[in-house]
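J.:
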Ligand SMILES: N[C@@H](CCC(=O)N[C@@H](CS)C(=O)NCC(=O)O)C(=O)O
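Numbering (the numbering used here), first residue to last: 131 to 350.
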């Protein structure tokens, strides 16, 4: 196997999703830090790697890929093709893809709406509307877990890897899952045994601490 590099920053949820799966698959990875608050994602050298100017980016032996969920799928397809993490059965895979798209288009943007104004424009308050929106989405996630161990059924899949860093950030922002989201709380406790969880949690804490510094209190 050639060299694997991940362009990453610890606070970033999609970056953490990729690192969690790399740890689980025991892939030897070199991490290249990209300081978003310093604007390194806009540097000419980085834009050559990802013209979109976003992390994460995986470089696998010269093959460059952005978009965290595409990276998750690629890692399983290239390292453990057909594994339960991303099975080839059409219906099983479709459910995983549905969760991934929901995460990409709804869950993650809801978190971005909470953090972005403060991180990039130093807005000192998180709007109640953005917090209410996130809570509504957490209830949908709670529903997906009803009667299941994991987000796409009874096996751990890349859907769980995609969602975990988002929920870790929600928890580090001070949200108590145990109060009204028992399925999510149970799932989150189970996910803490995934290799790399502590590293993921440290990244979530870092982001939460930056937010607390800007808004003067925890998000929740
Ligand atoms: N859909 C992308 C989202 C990537 C993304 O938004 N990355 C953020 C960090 S969490 C970023 O690089 N932001 C830099 C910027 O917007 O300037 C993925 O899942 O990889």
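Even glycine gets a Cβ: it sits at the ideal position worked out from N, Cα and C.
Thinking C-alpha only, which one of 152, 187, 289, 309 is nearest residue 232?
T.: Among 152, 187, 289, 309, the Cα nearest to that of residue 232 belongs to 289.
J.: Please name the residue, chosen from 270, 329, 132, 207, that lies closest to residue 240 on a Cα-to-Cα basis.
T.: Residue 240 has its Cα closest to that of 270, out of 270, 329, 132, 207.
J.: Buried or exposed: where does residue 142 fall if 16 or more other Cβ atoms within 10 Å of its Cβ makes it buried?
T.: Counting Cβ neighbours within 10 Å, residue 142 comes out buried, since at least 16 surround it.
J.: Using CA atoms only, rank isn't needed, just tell me which of 281, 205, 248, 166 is closest to residue 349.
T.: Nearest option by C-alpha distance: 248.
J.: Name the two residues that bound the continuous beta strand (DSSP E) containing residue 190.
T.: Residue 190 -> beta strand (DSSP E) spans 187-190.
J.: I'd like the span of the beta strand (DSSP E) that includes residue 196, first residue to last.
T.: First-last of the beta strand (DSSP E) with residue 196: 193-196.
J.: Indicate whether residue 316 and residue 268 have their beta-carbon atoms separated by less than 9 Å.
T.: Their beta carbons are not under 9 Å apart, which means residue 316 does not touch residue 268 by this criterion.
J.: Taking all protein chains shown into account, do 16 or more other C-beta atoms lie within 10 angstroms of the C-beta of residue 295, making it buried, or fewer, making it exposed?
T.: So residue 295 ends up on the buried side.
J.: Figure out for me which residue from 237, 255, 283, 281 has the closest Cα to the Cα of residue 266.
T.: Out of 237, 255, 283, 281, 237 has the C-alpha closest to the C-alpha of residue 266.
J.: Please list the terminal residues of the continuous beta strand (DSSP E) segment that includes residue 135.
T.: That run of the beta strand (DSSP E) goes 134-138.
J.: Measure how close the beta-carbons of residue 282 and residue 229 come, nearest whole angstrom, since I'm counting them as under 8 Å.
T.: With a Cβ gap of about 6 Å, residue 282 and residue 229 count as contacting.
J.: Looking only at C-alpha atoms, which of 297, 347, 136 sits nearest to residue 160?
T.: With distances taken between Cα atoms, residue 160 lies closest to 136.
J.: What are the start and end residues of each continuous beta strand (DSSP E) run of 3 or more residues lying completely inside the region 245-316, in chain order?
T.: If we require 3 residues or more, the region 245-316 turns out to have no beta strand (DSSP E) run fully inside it.
J.: CA-CA distance, residue 176 and residue 183?
T.: Cα to Cα, residue 176 sits roughly 7 Å from residue 183.
J.: Tell me the DSSP secondary structure of residue 162 in three-state form.
T.: Strand.
J.: If you reduce the DSSP assignment to three classes, tell me which class residue 342 lands in.
T.: Here residue 342 sits in helix by DSSP.
J.: Give a yes or no on whether the C-beta atoms belonging to residue 134 and residue 213 are separated by under 9 Å.
T.: Not in contact: residue 134 and residue 213 (Cβ atoms no closer than 9 Å).
J.: If you measure between the beta carbons of residue 150 and residue 325, is that distance less than 9 Å?
T.: Cβ distance < 9 Å, so residue 150 and residue 325 count as in contact.
J.: If I follow the unbroken alpha helix (DSSP H) through residue 150, where does it start and stop?
T.: First-last of the alpha helix (DSSP H) with residue 150: 143-154.
J.: So for residue 180, helix, strand or coil by DSSP?
T.: In the structure shown, residue 180 sits in coil (DSSP, three-state: anything other than H, G, I, E or B).
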